[in-house]
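Report on the structure given below.
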Amino acid sequence: MGRLNQSDPIDPSLAFSASVDQPIERSGCEPQLGGSLCERAVWVDESVCIGCRYCAHVAGNTFVVEPHLGRSRAIRQDGDSTECIQEAIDTCPVDCIHWVPFEDLHTLQSDLIRQDLQPRPRG
84 MGRLNQSDPI DPSLAFSASV DQPIERSGCE PQLGGSLCER AVWVDESVCI
134 GCRYCAHVAG NTFVVEPHLG RSRAIRQDGD STECIQEAID TCPVDCIHWV
184 PFEDLHTLQS DLIRQDLQPR PRG
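All residue numbers for the sequence shown refer to the numbering used here, where the first residue is 84 and numbers rise by one.
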């Protein structure tokens, strides 16, 4: 296969017809299979959070303070390094941030939605 010239048009349909050179090999360590490399997610129990903002100051790409309720929330699982997220967890004065299995996130979110959380007073 020759080099492409900048002026040569590229047919976008080639992306859909490209063959996979190597089949995907499964190791058994995939998180969905419960392997030893099982990933975990960070979860903020907003019903306990006091809105101190420590976690958002330490790991600002992972945590924000939700403006209406005044409580911290994890917005990205890959926003900061694991070490940075752990530091944010360690700074929490009410211990409301936890590592949980990814599979538990949906249930935890559903449980939180059913709670009648009131906005934190701003002060």
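C-beta atoms are modelled at their ideal positions from N, C-alpha and C, and glycine is treated no differently.
Below 8 Å, enough C-beta pairs join the segment 123-134 and the segment 178-195 to call them touching: three or more.
Shown here, His-189 sits in a helix according to DSSP, grouped into three states. In the structure shown, Ala-142 adopts coil according to DSSP, grouped into three states.
For Glu-170, the secondary structure class from DSSP, reduced to helix, strand or coil, is helix. In the DSSP secondary-structure assignment, His-151 is not bridged to any residue. Under DSSP, Pro-184 takes part in a beta bridge, and its partners are Arg-123.
Counting every other CB atom within 10 Å of its CB across the protein chains shown gives Asp-163 a total of 16 or more, marking it as buried. Apart from sequence neighbours up to five positions away, the residues of its chain that approach Glu-149 with a beta-carbon distance below 6 Å are Arg-156, ordered along the chain.
Gly-153 has its alpha-carbon roughly 8 Å from the corresponding atom of Ile-133.
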